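Visitor: Sequence lines, in order, name chains A and B.
Going by our numbering, the residue at position 83 of the first sequence is 83; the numbering climbs one at a time, nothing skipped.
Every position in the second sequence, counted from 1, becomes a number in our numbering once 1000 is added.
We treat Cβ as the ideally placed atom computed from N, Cα and C, and that holds for glycine.
It should be emphasised that the depicted structure is a prediction, and the values quoted were computed from it without experimental measurement.
Take a look at this one; I'll ask things after.
Protein chains: 2
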Amino acid sequence: MSRPHAAVAASANEADQPTSLVLRFGAERPLALDGGGSIGPWQIAYQTYGTLNADRSNAVLVCHALTGDQHVANIHPVTGKPGWWESLIGPGKPVDTDRFFVICSNVLGGCMGTTGPASLRADGDGPHAVDFPVVTIRDMVRAQAALVDHLGIESLFCVVGGSMGGMQVLQWAASYPDRVFSALPLATGAKHSAQNIAFHEVGRQAVMADPDWKAGRYILEGTRPEKGLAVARMAAHITYLSEPALHRKFGRKLQERSAPTFSFDADFEVESYLRYQGRSFVERFDANSYLYLTRAMDYFDLAADYDGALVKAFKGTKTRFCIASFTSDWLFPSSDSRAIVHALNASGASVSFVEIETDKGHDAFLLEEPVLFATTRGFIDAAARARGLDGTGKL
Amino acid sequence: MSRPHAAVAASANEADQPTSLVLRFGAERPLALDGGGSIGPWQIAYQTYGTLNADRSNAVLVCHALTGDQHVANIHPVTGKPGWWESLIGPGKPVDTDRFFVICSNVLGGCMGTTGPASLRADGDGPHAVDFPVVTIRDMVRAQAALVDHLGIESLFCVVGGSMGGMQVLQWAASYPDRVFSALPLATGAKHSAQNIAFHEVGRQAVMADPDWKAGRYILEGTRPEKGLAVARMAAHITYLSEPALHRKFGRKLQERSAPTFSFDADFEVESYLRYQGRSFVERFDANSYLYLTRAMDYFDLAADYDGALVKAFKGTKTRFCIASFTSDWLFPSSDSRAIVHALNASGASVSFVEIETDKGHDAFLLEEPVLFATTRGFIDAAARARGLDGTGKL
């Protein structure tokens, strides 16, 4: 289904010429990768909000989830929608851009300006596509560290993120303990479960089953695996919600009709909602990026780099942690968060944990959740005092 | 992906000339349908085991689930595998074929010999395909009742089934209360939830996104939407298991390798397991049947036919019920079974309920579950005594 339109064209352009800040590294400064080898030239696209103080001590790095990007608190250049975490980040918000210098970058392997499969190769031979190397969460974090170096920030005041973003937070704390003053991993886990790998595999198979995927070379062929990617998104979207949330929102309500049509039309509201989620996703996201980023999550197993003992990942850490999970999140259930808390406790770290009662499922970390906001605000404020940051972000 | 092979050819033939008993109705005896109109000529394929007693009082009707068929206790003619419920049904088993006359028919809309989308039209114009009418659980039960009539059985000793089979059991008890002496609906619900509809919709979209689906007319076109159907099966298969079961079986174990390959190969065992599930399913199942049967489940809402009050569906029933659910079943959680039990209690029915502790998920009803076997045996034996059936199925 080749259906070019404005949003798709805009999205494709974002992969190389993002509507945001971008930091470019030449071939002489390649990025080393966990899978072996390196990539270069490469670039990282990012946004910043607020002002870095003279001490460079008030920087907050926000790590985005699977389908997020650097547009955390501004209108999205492709969709025209508000930033994906404006509920939490902005002037006067729990992560207060009047006090903190907030950085958010597109992940390595993404499609919004950081080097990924949709980015053009240096040799002019089209996009990397499936020749792009499989990257890991640690590779993403290594790329972010290069950006943080460039900004002249030795130690981040806070690293925060949910889901795949939370994995990056944990990896930051493990890889660069002295550079993370405080860490907020939300709705995440230190490894991906078998069930989560299974759901990701279904999504990848859906993309790769689409003949418009063209063995990954769809950009060169002028096609887009929209149907496959939409199916992948639909399946994933169910896992981001909870059964009670779906029941509350949709139940068995029919879509603008009073009786079933006895057909395969979207009779039920939940069907047309899912179809819309699939359709709108493909307008802003690259199918190969979806393959690479789901793979990075599947590979994540922080303890594996530390002889299988998660406690060793945090040995001697001085980072202050706040962990939050949501009762109805079945993608990253509270038990995943508790495993992190246990490891942090065993390593003697400063850690607080809150399990937030909600029926909104995994997506709760992105939604209006007063307890999450209060928790974040309280943790950030206390950490700011501990770092000697006053209300304006100055020392 | 057109890949004809022996199993596929055998499967296609089963739709019209099943390797089982088959009862054919001419155009003068059409089957009325809930969606309006009727279908005819039509046929119902079935198997029987054991001997009907002189009183015709020892018949057990087994209702199969979404992807099951009539081959409940014999080698499957396409796959060569044992019957799908041989753990429960056979000589000396809880449903003892030495005592009872067991009937199992392929559902209306199926693809193993009962009329469905893969069956040939009477006008010789190829298979029904998507011109086949959308059918309901009640339509399936109406077809079964015609078979039971033909066999001269006025009252079934027991109707038993799990999942979609359990929906049919409930519908039997509601539609034909005087013809059901005892009923065993397992791992089921009186309606399909929004989350279940959502998962089914993903599966249908995966099938219909496959260009080899050819707008449903793939048999005439000589193609098969194997990739789409495999993706649908993979997604559904995850919902039949539980996170603990997946963790126990697979965890994050790698597939015949000691380190990740940094590729999109099936690195994890759970990935290759799912791919196998998808591949093997398409060899024995018709894609359009999958669309129709998932739709029938989605439409199922027994209370809707009774002013929204489930209790009215069972008003004055003399049927003896035994309901069983499994603690780790998140497709039909115990709360669904409890809702049935409450309605039965409110209608003054004889009902026992057991919630079986297991980590095997929804599929538990098909697996070795000693508590399920003991429960079934105890219920069946007590019901047999109440009906005056001795140990040999004779009066």
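Could you tell me if the beta carbon of residue 151 (chain A) falls within a distance shorter than 8 Å of some heavy atom in the ligand GDP?
Guide: With respect to the ligand GDP, the structure shown offers nothing to examine, as it has no ligands at all.
Visitor: Hey, quick one: how far does the alpha helix (DSSP H) through residue 1243 (chain B) stretch, first residue to last?
Guide: As a first step, residue 1243 (chain B) is located in the second sequence; it is residue number 243 there, counting from the start. Residues 1243–1249.
Visitor: Is the CB of residue 128 (chain A) under 9 Å away from at least one CB in chain B?
Guide: Your numbering for residue 128 (chain A) matches position 128 in the first sequence. Judged by the 9 Å Cβ criterion, residue 128 (chain A) is not in contact with chain B.
Visitor: If you compare alpha carbons, which of B:1373, B:1175, B:1364, B:1374 is closest to residue 1187 (chain B)?
Guide: Within the second sequence, residue 1187 (chain B) is the residue found at index 187, counting from 1. Taking only the C-alpha atoms, the option nearest residue 1187 (chain B) is B:1364.
Visitor: CA-CA distance, residue 192 (chain A) and residue 184 (chain A)?
Guide: Residue 192 (chain A) sits at position 192 when you count from the first residue of the first sequence. Residue 184 (chain A) sits at position 184 when you count from the first residue of the first sequence. Looking at the two C-alpha atoms, the distance is approximately 18 Å.
Visitor: Would you mind sorting residue 367 (chain A) into buried or exposed? The rule is 16 or more other CB atoms within 10 Å of its CB.
Guide: Here residue 367 (chain A) refers to the residue found at position 367 of the first sequence. Answer is exposed; the Cβ neighbour count stays below 16.
Visitor: Is the segment 1156–1175 of chain B touching the segment 1055–1066 of chain B in the sense that three or more CB pairs, one from each, lie closer than 8 Å?
Guide: The answer is yes - the segment 1156–1175 of chain B touches the segment 1055–1066 of chain B, with three or more Cβ pairs under 8 Å.
Visitor: Check the C-beta distance from residue 180 (chain A) over to residue 148 (chain A) and give it rounded, since I have them as a contact under 8 Å.
Guide: Within the first sequence, residue 180 (chain A) is the residue found at index 180, counting from 1. Within the first sequence, residue 148 (chain A) is the residue found at index 148, counting from 1. Incorrect: roughly 10 Å between the Cβ atoms, too far for contact.
Visitor: Do the segment 1210–1227 of chain B and the segment 275–292 of chain A make contact, defined as three or more Cβ pairs closer than 8 Å?
Guide: Judged by Cβ distances under 8 Å, the segment 1210–1227 of chain B makes no contact with the segment 275–292 of chain A, as fewer than three pairs qualify.
Visitor: Anything in chain D within Cβ reach of residue 191 (chain A), meaning under 9 Å, just list it in chain order.
Guide: Of the chains in the structure shown, none is chain D; the protein chains are A and B.
Visitor: Give the single residue among A:190, A:286, A:262 whose Cα lies nearest to the Cα of residue 119 (chain A).
Guide: Position 119 of the first sequence, counted from the start, is the residue given in the question as residue 119 (chain A). Nearest option by C-alpha distance: A:286.
Visitor: Hey, is residue 1330 (chain B)'s beta-carbon within less than 9 Å of any beta-carbon in chain A?
Guide: By one-based count along the second sequence, residue 1330 (chain B) stands at place 330. So yes, residue 1330 (chain B) belongs to the interface.
Visitor: Looking only at C-alpha atoms, which of B:1114, B:1109, B:1245, B:1076 sits nearest to residue 1024 (chain B)?
Guide: On the second sequence, residue 1024 (chain B) is found 24 positions in, with the first residue counted as 1. It is B:1114 whose Cα lies nearest to the Cα of residue 1024 (chain B).
Visitor: Please classify residue 292 (chain A): does DSSP put it in a helix, a strand, or coil?
Guide: Here the question's residue 292 (chain A) lines up with position 292 in the first sequence. Residue state, collapsed to three classes: helix.
Visitor: Note down, in chain order, each residue of its chain lying with its Cβ closer than 6 Å to the Cβ of residue 1322 (chain B), except the 5 sequence neighbours on either side.
Guide: As a first step, residue 1322 (chain B) is located in the second sequence; it is residue number 322 there, counting from the start. 1184, 1352, 1379.
Visitor: Can you list the residues of chain A that residue 1199 (chain B) reaches, using a CB-CB cut of under 9 Å?
Guide: In the second sequence, counting from the first residue as 1, residue 1199 (chain B) sits at position 199. By Cβ distance, chain A contributes 235, 238.
Visitor: How long is the line joining the alpha carbons of residue 1004 (chain B) and residue 1290 (chain B), rounded to whole angstroms?
Guide: On the second sequence, residue 1004 (chain B) is found 4 positions in, with the first residue counted as 1. On the second sequence, residue 1290 (chain B) is found 290 positions in, with the first residue counted as 1. Note that residue 1004 (chain B) scores a pLDDT of 44, beneath 50, so its modelled location is shaky; the value from the coordinates is reported in the next line. Each residue's Cα considered, the two are about 19 Å apart.
Visitor: Looking at the secondary structure, which residues open and close the alpha helix (DSSP H) in which residue 370 (chain A) lies?
Guide: Here the question's residue 370 (chain A) lines up with position 370 in the first sequence. First-last of the alpha helix (DSSP H) with residue 370 (chain A): 370–386.
Visitor: Compare the C-alpha of residue 226 (chain A) against each of B:1020, B:1331, B:1018, B:1211 and name the closest.
Guide: In the first sequence, the residue the question calls residue 226 (chain A) occupies position 226. Nearest C-alpha to residue 226 (chain A): B:1211.
Visitor: Leaving out five residues before and five after residue 200 (chain A) in sequence, what residues of the same chain have Cβ atoms less than 6 Å from its Cβ?
Guide: What you label residue 200 (chain A) is simply residue 200 of the first sequence in a count that begins at 1. Answer for residue 200 (chain A): 294, 298, listed in chain order.
Visitor: Looking at the secondary structure, which residues open and close the beta strand (DSSP E) in which residue 1356 (chain B) lies?
Guide: In the second sequence, the residue the question calls residue 1356 (chain B) occupies position 356. 1350–1356 is the span of the beta strand (DSSP E), which, as asked, contains residue 1356 (chain B).
Visitor: Quick one: give me the first and last residue of the beta strand (DSSP E) that residue 1182 (chain B) is part of.
Guide: As a working note, residue 1182 (chain B) is residue 182 in the second sequence. Looking at the DSSP string, the run of the beta strand (DSSP E) that includes residue 1182 (chain B) is 1180–1186.
Visitor: Please classify residue 45 (chain A): does DSSP put it in a helix, a strand, or coil?
Guide: In the first sequence, counting from the first residue as 1, residue 45 (chain A) sits at position 45. Here residue 45 (chain A) sits in strand by DSSP.
Visitor: What number of angstroms, rounded off, separates the C-alpha of residue 1356 (chain B) from the C-alpha of residue 236 (chain A)?
Guide: Looking up residue 1356 (chain B) in the second sequence gives position 356. Looking up residue 236 (chain A) in the first sequence gives position 236. Roughly 29 Å separates the two Cα atoms.
Visitor: Output the residue ranges of the beta strand (DSSP E) runs that lie fully inside the segment 1016–1097 of chain B and measure 3 residues or longer, sorted by chain position.
Guide: Entirely contained in the segment 1016–1097 of chain B, the beta strand (DSSP E) runs reaching 3 residues are, in chain order, 1021–1025, 1042–1049, 1059–1063.
Visitor: What does the alpha-carbon distance come out to for the pair residue 1333 (chain B) and residue 246 (chain A)?
Guide: For the purposes of this step, residue 1333 (chain B) is taken as the residue at position 333 of the second sequence. For the purposes of this step, residue 246 (chain A) is taken as the residue at position 246 of the first sequence. Taking the straight line joining both Cα atoms gives about 15 Å.
Visitor: What's the C-alpha gap between residue 1104 (chain B) and residue 1046 (chain B)?
Guide: The count along the second sequence starts at 1 and reaches residue 1104 (chain B) at position 104. The count along the second sequence starts at 1 and reaches residue 1046 (chain B) at position 46. One C-alpha to the other measures close to 5 Å.
Visitor: Which of the three DSSP states, helix, strand or coil, is assigned to residue 102 (chain A)?
Guide: Taking the first residue of the first sequence as position 1, residue 102 (chain A) is located at position 102. Reduced to three states, the DSSP call for residue 102 (chain A) is strand.
Visitor: Using only the alpha-carbon positions, how far apart do residue 1346 (chain B) and residue 1339 (chain B) sit?
Guide: Here residue 1346 (chain B) corresponds to residue number 346 of the second sequence, with the count starting at 1. Here residue 1339 (chain B) corresponds to residue number 339 of the second sequence, with the count starting at 1. About 11 Å.
Visitor: Starting from residue 949 (chain B), follow the beta strand (DSSP E) in both directions and report where the run begins and ends.
Guide: Nothing can be reported for residue 949 (chain B), as the shown portion of chain B is limited to 1001 through 1395.
Visitor: What did DSSP end up calling residue 1124 (chain B) once you bin it into helix, strand or coil?
Guide: By 1-based counting over the second sequence, the position of residue 1124 (chain B) is 124. Looking at residue 1124 (chain B) - three-state DSSP - the assignment turns out to be coil, as it is neither helix nor strand.
Visitor: In angstroms with no decimal places, state the Cα-to-Cα distance between residue 1308 (chain B) and residue 1302 (chain B).
Guide: Sequence index remark: in the second sequence, residue 1308 (chain B) carries index 308 (1-based). Sequence index remark: in the second sequence, residue 1302 (chain B) carries index 302 (1-based). If you take the alpha carbons of residue 1308 (chain B) and residue 1302 (chain B), they lie about 8 Å apart.
Visitor: Where residue 132 (chain A) and residue 50 (chain A) are concerned, what is the direct C-alpha to C-alpha distance, given to the nearest angstrom?
Guide: Along the first sequence, one-based indexing puts residue 132 (chain A) at 132. Along the first sequence, one-based indexing puts residue 50 (chain A) at 50. Taking the straight line joining both Cα atoms gives about 34 Å.
Visitor: Can you look up residue 1161 (chain B) in the DSSP assignment and give me helix, strand or coil?
Guide: Residue numbering aside, residue 1161 (chain B) sits at position 161 when the second sequence is read from its first letter. Residue 1161 (chain B): strand per DSSP, three-state reduction.
Visitor: Taking 9 Å as the threshold (beta carbon to beta carbon), is residue 268 (chain A) in contact with chain B?
Guide: For the purposes of this step, residue 268 (chain A) is taken as residue 268 along the first sequence, with counting starting at 1. Yes - at least one Cβ of chain B is within 9 Å of the one on residue 268 (chain A).
Visitor: Report the neighbours of residue 385 (chain A) on chain B: residues whose CB is nearer than 8 Å to its CB, in chain order.
Guide: Here residue 385 (chain A) corresponds to residue number 385 of the first sequence, with the count starting at 1. What residue 385 (chain A) touches in chain B: nothing, since even the nearest Cβ is about 40 Å away.
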